[in-house]
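Inspection log for the structure reproduced underneath, given as structure tokens.
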Amino acid sequence: MLLRFSLVVLAAGALAFGQGRIGRPAPEEKIKAINITTMSTGAGLPEGKGTAAGGKSVYKEKCETCHNEKLEGRTGQYPALVGGKGSLNTSKPVRTVGSYWPYATTVFDYIRRSMPYDQPGSLSNDETYALVALILNANGIIGENDEMNKDSLPKVKMPNAGNFVPDARPDVKAKR
Amino acid sequence: MKNDPSRRKILSMGAGLATLTACTSKQEAPSQVGAALSPYGNRSPHETAKRLPPPADSKTPATGGSRTPLQDSYGTITPSSLHFERHHAGIPDIDPARHELLIHGLVEQPLVYSLEDLKRFPATTRVHFVECSGNGGAEYTAAPGATAQVSHGLASCSEWTGVPVKLLLAEAKLKPEAKWVVAEGGDACKLARSIPLAKLMDDAMIVYAQNGEAIRPEQGYPMRLLLPGWEGNSNVKWVRRLHATAEPAQTTHETAYYTDLMPDGKSRQFSFELETKSVITRPSGGQKLTGGQGDYEITGLAWSGRGKITRVEISLDGGKTWKDAELTQPIHAKAFTRFRMPWSWDGAAVTMQSRASDDTGYTQVSQDELAAARGRNYRYHNNGIKVWYIQSDGSVSHVAQV
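First to last, the protein sequences are chains A and B. Each residue of the first sequence is one higher than the last, beginning at 263 in the numbering used here. Each residue of the second sequence is one higher than the last, beginning at 74 in the numbering used here.
This is the structure:
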């Protein structure tokens, strides 16, 4: 009845703005197809599994050209994946997965969403878990045969976890 | 002689110097019909201001930054074609007819929007700067930027048009547990950042237009997230997904990068706001006072991610005394503000700097004061005072002795 009343008081063809909705319901398949959010709790991690030992061949094929055979990276845009332990409070900090990253789930998320640089999205979930395991193992965080999957990965304790603090600015006041 | 008006010349800028010879012959009245009308205009071929993209032989030419030539800028709007770039996996070629923005997660009704859907909302138009939080990252170091483009060029200012994000979230109806939104881009690396919900319910927009036309591909065509005053990386370009969550996702770009390492080894995280900043753009590093002693205008840009610029002061004696510069009106919040001060140069060496204040009462401090509080591993969010040194020959440098 309300709708009919509106039609009467407004000019022909006009409805009161804001009564309806412009967005269209998102089909569940659409959400499933593009939702790759991975939370640090592990929510969003897919099925699949891998170990450092199993990741060696994938690394050689898909990662080594840029990140080098020892995961040390190359100059410029290809960061090191290992090293930097104990360097964060020195004048030459080296920020790597091992020395800096606070969550192991971020490694999975980043590889799944962005790597390899020239073919993102081309790795299977098993390959991705294996590469995560390989990088964590190279940093001495897990064993060579420790299996990474959606349950074990969020439980991995990263060495630099707990060293991230909230923004404290404005932290400097001008003297006049 | 120094007061002879005929000897006064405007400043030659970097690009202008190179073409000085060609421009000095006297202009004759045109005797021929000029060029034909055209569907999409170009600047004069005599104008050469340009961004600085990575070198052509870079192994990853699609990743990195290109800086706005602030020293060649006028007013407060950056031409879209000179807006700085920072990409992590190149510029995607997106057909707007095939692009959708998905809103899902902790909402009652997941929704999708096409570009045409967004244009059905009442549009909001505002002027805002966008700045990479890495802008000025080298200013703490032994090698500060030699030109305004190198030191401050990862910042640009545009008029943006789009839809407030809160209108979209209202349609999807957030659940009470929703506290963050993970925004994801449609580029090859699917760049993702977690944004506190409060910002999205405040002044955040999904923008589809920039400076009177569709947003440029480099800036997120067909749509980007705009978070006025917040670090550029969180203004996700080519945005395709807003995922409402209870917690931040802890993506790479909010953990491994865009976090600030303190001397004790701890890192500040989710440091979104860009603090008050300014830079003198003319005369600035790499330029030269070509007219000898006499009158010049000192001008530059100031901005704050927290509000409006209220004051810019200029010192010409190494920071001992400061004078107020004139601020060009209108002053928009979280936008470039142009400042100016007339000045007569006596030909002696000058140490010149600007410091800006905003309407929260914050005033810029020196690089040394920043470093004393934060150390020198703090590679993002550098808003310290920029100093230029005018030599007695009129050349301007970023270092005291050249």
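The C-beta atom is built at its ideal place from N, Cα and C for all residues, glycine as well.
Taking the Cα positions, proline 301 of chain B is about 6 Å away from histidine 201 of chain B. If the five residues before and after valine 359 of chain A are omitted, its C-beta is found closer than 7 Å to the C-beta atoms of Leu343, Val369, Ile397, Asn401, all from its own chain and listed in chain order. Fully contained in the region 159–241 of chain B are the following alpha helix (DSSP H) runs of length 4 or more, in chain order: 188–191, 221–225. In terms of Cα proximity to alanine 271 of chain B, the closest of B:Trp253, B:Glu120, B:Asp260 is B:Trp253. Contact annotation: alanine 221 of chain B and valine 352 of chain B have beta-carbon atoms nearer than 8 Å. Looking from the CA of glutamate 244 of chain B, the closest CA among A:Glu290, A:Gly282, A:Asn422 belongs to A:Gly282. The contact set of methionine 410 of chain A on chain B, defined by CB atoms closer than 9 Å, is empty, because the minimum CB distance reaches about 17 Å. Apart from the 5 residues on each side of it in sequence, glutamate 346 of chain B sits with its Cβ closer than 7 Å to the Cβ of Gly302, Trp303, Gly378, Arg379 in its chain, given in chain order.
When C-beta distances to chain B are compared with 9 Å, the residues of the region 272–291 of chain A below that value are Phe279, Arg283, Ile284, Gly285, Arg286, Pro287, Ala288, Pro289, Glu290, in chain order.
At a cut-off of 8 Å between beta-carbon atoms, valine 418 of chain A makes no contact with chain B. If you look at valine 369 of chain A, you'll find it in the alpha helix (DSSP H) that goes 366–376. Annotated three-state conformation of aspartate 333 of chain B is strand, per DSSP. For glutamate 386 of chain B, the uninterrupted beta strand (DSSP E) segment begins and ends at 382–388. At a beta-carbon threshold of 7 Å, the residues of chain A lying near tyrosine 435 of chain B are Pro432, ordered along the chain. Each residue's CA atom was taken as its position, placing threonine 383 of chain B and lysine 263 of chain B some 38 Å apart. When DSSP states are grouped into helix, strand and coil, valine 254 of chain B belongs to the strand group. Cβ neighbours of isoleucine 167 of chain B within its own chain (closer than 8 Å, five residues either side excluded): Gly259, Pro290, Tyr294, Pro295, Trp311. For asparagine 297 of chain A, a Cβ of chain B is located within less than 8 Å of the residue's own Cβ.
Chain-ordered, the chain A residues with CB closer than 8 Å to the CB of histidine 177 of chain B read Ala288, Ile293, Asn297.
Under the Cβ distance rule, tyrosine 379 of chain A counts among the residues neighbouring chain B, one pair being separated by less than 8 Å. Residues of chain A with a Cβ closer than 9 Å to the Cβ of glutamine 182 of chain B are, in chain order, Arg283, Gly285, Pro287, Ala288. Annotation: histidine 177 of chain B to proline 364 of chain A spans about 26 Å, alpha carbon to alpha carbon. Straight-line measurement puts the Cα of serine 414 of chain A at about 11 Å from the Cα of glycine 310 of chain A.
Counting along the chain, arginine 413 of chain B sits inside the beta strand (DSSP E) bounded by residues 410–418. Straight across, the Cα-Cα distance linking phenylalanine 409 of chain B with tryptophan 461 of chain B is about 20 Å. Within the region 255–282 of chain B, Val255, Ala261, Cys262, Lys263, Ala265 place their CB atoms closer than 7 Å to a CB of chain A, listed in sequence order.
Between the alpha carbons of glycine 275 of chain A and leucine 315 of chain B lies a distance of about 33 Å. Counting only residues of its own chain and dropping the five nearest sequence neighbours on each side, histidine 454 of chain B has a CB closer than 8 Å to the CB of Ser206, Glu304, Asp333, Ser344, Leu347, Glu348. Across the structure, valine 320 of chain A and proline 416 of chain A are spaced so that their CA atoms are roughly 22 Å apart. In terms of Cα proximity to asparagine 450 of chain B, the closest of A:Asn351, A:Phe279, A:Ile284 is A:Asn351. By the 16-neighbour rule on beta-carbons within 10 angstroms, tyrosine 147 of chain B is exposed. If you draw a straight line from the Cα of glutamate 212 of chain B to the Cα of alanine 219 of chain B, it comes to about 10 Å. Residues of the same chain with a CB within less than 7 Å of the CB of phenylalanine 194 of chain B, apart from the 5 flanking positions on each side, are Val236, Leu240 in chain order.
With fewer than 16 other beta carbons inside 10 angstroms of its own, glutamate 331 of chain A counts as exposed. Here the C-alpha atom of alanine 314 of chain A lies approximately 15 Å from the C-alpha atom of glutamate 326 of chain A.
Taking 8 Å as the cut-off, the beta carbon of leucine 184 of chain B is found closer than this to the beta carbon of glycine 285 of chain A.
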